[in-house]
Amino acid sequence: MKVCYAKFIPHDFLECHINDAINVLKSMKTSFKWLEELFPRVWELSFYSVLLHDLGKCASGFQRDPRKWGYRHEVLSTPFTAFLDLPEDERNLIALSILTHHRTLDELEEILPSGEHRGEFEEKVEELFQNRDYIEEIFFERVPYWELYFFGRRKDLFNPPNDWAELVEGYDFDPLLSWYERNAGKYWSELVFLRGILNASDHLASAGELGVRLLSDIKAAVESRVPPERWRLLQRQAGEMEGNLILRAPTGYGKTEASLLWANRNASLTKKGVASRIFYVLPYKASINAMHSRLLALFREPELVGVLHSSSSFYLYSSELEYKRLSSLYRKIYTPLKVTTPFQLMKPFFGVGFPEMGLTELTGSLLIFDEIHAYEPNVLGIILAMLELLMRKKAKTLVMSATMPEFLEELLREVLKPHLLSTPSEEADRFTRHRVNVIDGSMDSIEELLAEVNAHGPVLVACNTVSRAMEVYSHLRDRYNSMLLHSRFTYGDREEKEKKLLASLGDYDVVVATQVVEVSLDISFSTIITEPAPLDALIQRFGRVNRRGFGNPRDVYILTTGGEGDRRIYPMEVMRESLKLLEELNGKPLLESRVPELVTRAYEPIADKLTDEVLTYREQALELFNSLKPLKGSESERRFHEMFQSLEVVPGAYQDKVLELINRGRAIEIHRYLVPVPLWLFRSESDAFHRLSDRGSGKYVLVAELEYSPELGLLREPASGGEVL
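As structure tokens, this is what we get:
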């Protein structure tokens, strides 16, 4: 008798892979109790999906060389569901999850055994029968033992008759597809869960994992950082709140600890730990990386705290963690706590990747949104639509902010119906750190301004655009020990600059920066001179001054005039209103208790317009999400990539180095040479961009033939000289 393998690098017997996948499934069954409340039969049907999903791999052609075989093993696995003593609807649910566990129905359309494709199917079934002895004597014989292991008793629901081979060959897929078209809406959740759970079990077993991880005691982790006797009022209250919550508290208050205590109160617990999947959502990669590091220090094991964003693999690589293994696991239902962007959560709603697995993981989850005010109206609308749907799937949400305008809170309250917590005024004012000084002028007078401000250490000069920051830095670099920091450096150069600042900030007189400084570095300047911006953005910038000098305000300086490119970044109405409010506070401390009211007033001129925009995007997103069919591909996947695709380019000066890294198998290190560029720059100077190569990995790398220097970053001038038209 020949043995049958499920995997070949390394070799893994089919029965061993099924055994591993059942182990994963059993750990999910023990942990994810909330799924039974939504779909009582979920674990029994999932067991038989996992049991039968790879039987088609017994075909002799697959066993010889799966890469050259040219057929889909899941098509051969599906007919075995006919031998389940279950109602027709349940058999069809299992059959569809098996049929689509690698490809969607529309992707399989070309080879499904119907019409002219019937002959190829029958030919491949004959290959399956060449390993009939293995199927009958090894696989079929083990089924009762697997049932006993999983259920605690034999079910005897899988009963292939003596003529099973003829019945597999005669299996008719058309009634199954017709059933799907009639019932996909009715069984939407069941189809999602069965495919999602099968994918999770299969993928984790293939990765060598035998179960999902549970989070250790959250409360104990918080106590290790902040003893209970030092917990602030809102932290205690958050830890007692069940259900959705909006929390307002000043920067530095300890909102992260408050959110973890809330998660502890709302989590689903088992004897072995916290079973709930928790997502900590932030808008910026830099703050995500910093939060991952912080939470990893609390929970200690990288398998327990994941990180997900577009360049998280490189972050893990740079952190000297097992980046290949961990990057793979973080994208599966494995890690209990993930720090991520909202875009990663949106993917399954747009049908990206394995959406059913993502939707299953989000069901019953705990979502923590920090800095939610930072998103554009289109993103906010999609987040609201997503939260509305997840509310129906037993998810709970905490939203927290120091600078959330009232219109946004009202939108969130409408969807979440949350509890509300905010810091009492007297307590909030203890976190006051800044005194407002409005200066009539612009960055054109920066040298005179630096001579006038009362600075006893390095000064932060904050500009709204990269071009303005370059211009200001060029004026200052000969007279001051200065550094330029903005988003248009390679990631490697930016990392080096940030390391220098962290190690020796006191060596610099001036740091000229754009908005990147609002979210990246945990350093404290003596003061700031900043161009005007919306009040919430300014408060974020002020946060780089007097980081922990609560109750001892330092001067911050706001100019009345910005640059020509500001309107491309910020709404001018909000900038004007913010400046007006700050002028009223000129010479006075910016009391933390007043921040929510002031931010709300700053956005009043466009609050109604923004509300309408957000609601419009929400309705569009709901319409799109509700139109998606499980197990099928969708046009929405293309729309997602068009909406949120970010452009990262290699400066022409580094293209040879990048090509060398690719050829040496070190493509992960390309990230050091990438520069993020805005879409407007790509469109305005498209002639300066080209693919690194016509084939191989290089065809996915975009090169910008623009001047680049580690001191100034990516310039708009072409690398070849002359002008870009």
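The numbering of the sequence shown is the UniProt record's numbering, which starts it at 1 and goes up by one.
All residues carry an ideal CB built from backbone N, CA and C; glycine is no exception.
Inset, instruction - Inspect the CB distances between the segment 12 to 32 and the segment 61 to 68 and report whether three or more fall short of 8 Å. - result: no
Legend entry - Straight-line gap, residue 6 to residue 138 (C-alpha atoms, nearest Å): 14 Å
Legend entry - Within 9 Å, strictly: CB atoms of residue 505 and residue 458: yes
Legend entry - Beta-bridge pairing of residue 483 - partner residues as DSSP gives them: 511
Inset, instruction - Look up residue 648 in the DSSP assignment and give the residues it is bridged to. - result: 676
Inset, instruction - Starting from the Cα of residue 324, find the closest Cα among 698, 635, 668 and give me that residue. - result: 668
Inset, instruction - With a threshold of 16 other CB atoms inside 10 Å of the CB of residue 358, please say whether the residue is buried or exposed. - result: buried
Legend entry - Under 9 Å between C-beta atoms of residue 27 and residue 212: yes
Inset, instruction - May I ask you to report which of helix, strand or coil DSSP gives residue 600? - result: helix
Legend entry - According to DSSP, residues forming a beta bridge with residue 462: 513, 530
Legend entry - Bounding residues of the beta strand (DSSP E) (the contiguous stretch that carries residue 400): 396 to 401
Inset, instruction - Verify whether the separation of the beta carbon atoms of residue 676 and residue 496 is less than 9 Å. - result: no
Inset, instruction - Flag residue 404 as yes when its Cβ comes closer than 8 Å to any non-hydrogen atom of the ligand PLP, and as no otherwise. - result: In the structure shown, the ligand PLP is absent, as is every other ligand, since no ligand is present at all.
Legend entry - For residue 222, the first and last residue of its enclosing alpha helix (DSSP H): 218 to 225
Inset, instruction - Might you give, ordered along the chain, the residues of its own chain that have their beta carbon closer than 8 Å to the beta carbon of residue 434, omitting 5 neighbours on each side? - result: Excluding positions up to five away in sequence, the list reads 542, 545, 546, 553, 554, 555, 556, 589, 590.
Legend entry - Cβ contact (3+ pairs, closer than 8 Å) linking the segment 353 to 371 and the segment 274 to 286: yes
Legend entry - C-alpha gap between residue 528 and residue 105, whole angstroms: 57 Å
Inset, instruction - Run the CB neighbour count on residue 143, radius 10 Å, all protein chains shown included, and call it buried at 16 or more, exposed below. - result: Flag for residue 143 reads buried.
Inset, instruction - May I ask you to verify whether the segment 620 to 627 touches the segment 378 to 386, counting CB pairs closer than 8 Å and requiring at least 3? - result: A contact is defined here as three or more CB-CB pairs under 8 Å, and the segment 620 to 627 meets this definition with respect to the segment 378 to 386.
Inset, instruction - List the residues that DSSP assigns as beta-bridge partners of residue 704. - result: Beta-bridge partners of residue 704 (DSSP): 651, 689.
Inset, instruction - Compare the Cα-Cα distances from residue 634 to each of 348, 614, 592 and report the closest residue. - result: 348
Legend entry - Local Cβ density within 10 Å of residue 361, reported as buried at 16 or more and exposed below that: Buried, since its Cβ has 16 or more Cβ neighbours within 10 Å.
Inset, instruction - Mind checking who residue 305 pairs with in its DSSP beta bridge? - result: 337
Inset, instruction - Rounded to whole angstroms, what's the CA-CA distance from residue 407 to residue 577? Just pull it up for me. - result: 16 Å
Inset, instruction - Compare the C-alpha of residue 429 against each of 466, 549, 379 and name the closest. - result: 549
Legend entry - Inter-residue Cα distance where the pair is residue 494 and residue 564: 26 Å
Legend entry - Whether residue 533 touches residue 473 by CB criterion (9 Å): No, the pair does not count as a contact, with Cβ atoms beyond the cut-off.
Inset, instruction - Find the nearest neighbour of residue 235 within the set 258, 175, 597, judged by alpha-carbon distance. - result: Ranking the options by Cα distance to residue 235, first place goes to 258.
Legend entry - Pairwise C-alpha distance: residue 122 and residue 309: 44 Å
Legend entry - Cα-Cα separation, residue 246 to residue 419: 6 Å
Legend entry - DSSP-derived helix/strand/coil call for residue 523: Of the three classes helix, strand and coil, the one that applies to residue 523 here is coil, per DSSP.
Legend entry - Close-in-space but distant-in-sequence residues of the same chain around residue 289 (CB under 6 Å, 5 per side omitted): 315
Legend entry - First through last residue of the beta strand (DSSP E) which encompasses residue 436: 434 to 439
Inset, instruction - Round the Cβ separation of residue 510 and residue 482 to the nearest angstrom and send it over; I've been treating them as touching at under 8 Å. - result: 4 Å
Legend entry - Close-in-space but distant-in-sequence residues of the same chain around residue 81 (CB under 7 Å, 5 per side omitted): 52, 91, 94, 95, 98
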